[in-house]
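Quick notes on the structure that follows.
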Amino acid sequence: MPSFRNITTFARFTKCAVNGSIMRPSMITPMRYATAHSSEVVQPSGTFLNKDVVTERVLNVVRRYEKVDQSKLTAESNFYNDLGLDSLDTAEVVMEVENEFQLEIPDEEAFKLTSVNDCIQYVTSNPLAK
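So in the UniProt record's numbering, spot 56 of the sequence shown is number 56, and the numbers just go up one at a time.
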């Protein structure tokens, strides 16, 4: 079974090939855990984002995805059953959630994000979300 990272990497490079671009901003992942001049690890701030704000931002991310039927989109929508997305589409949506909140979601967690609400719960419980 391919890993989530393999799927997302494939999605990124496929988009580049289709768009004729060698690189796009979402391919550049800034260092989040180390300072610029040392190997010192930055500790999470311990603050969490407001659930209402996160809900609106996640819904906006999903709204921008062209394959989503806007009339079916709610905070409870399942990517597969309600919105008709496949696994590659879902991987792209999760990548955009990562970009929106400046997070890197581990593969094990990314596979569990199958609905808008799953993404909201993940982000609101992550102190590194911005």
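By construction, the Cβ of each residue, glycine as well, lies at the ideal position given by its N, Cα and C atoms.
Exposure of residue i, with buried meaning 16 or more beta-carbon neighbours within 10 Å
| i | result |
| --- | --- |
| residue 131 | Coverage of the chain is limited to positions 1 through 130, which leaves residue 131 absent and any answer about it impossible. |
Between the CA atoms of residue j and residue i - distance to the nearest angstrom
| i | j | result |
| --- | --- | --- |
| D82 | K72 | 7 Å |
| T124 | L85 | 23 Å |
| E100 | V61 | 8 Å |
| F79 | L128 | 24 Å |
| Q102 | Q121 | 16 Å |
| Q70 | D107 | 28 Å |
| K112 | I105 | 11 Å |
| T74 | K67 | 15 Å |
| Y65 | E76 | 17 Å |
Extent of the continuous alpha helix (DSSP H) to which residue i belongs
| i | result |
| --- | --- |
| Q121 | V116 to T124 |
| R57 | K51 to R63 |
| E98 | S87 to F101 |
| E109 | D107 to A110 |
Strand pairing of residue i, partner residues [DSSP]
| i | result |
| --- | --- |
| N78 | S115 |
Q) Quick check: the region 47–56 against the region 78–90, are there 3 or more CB pairs under 8 Å? A) no
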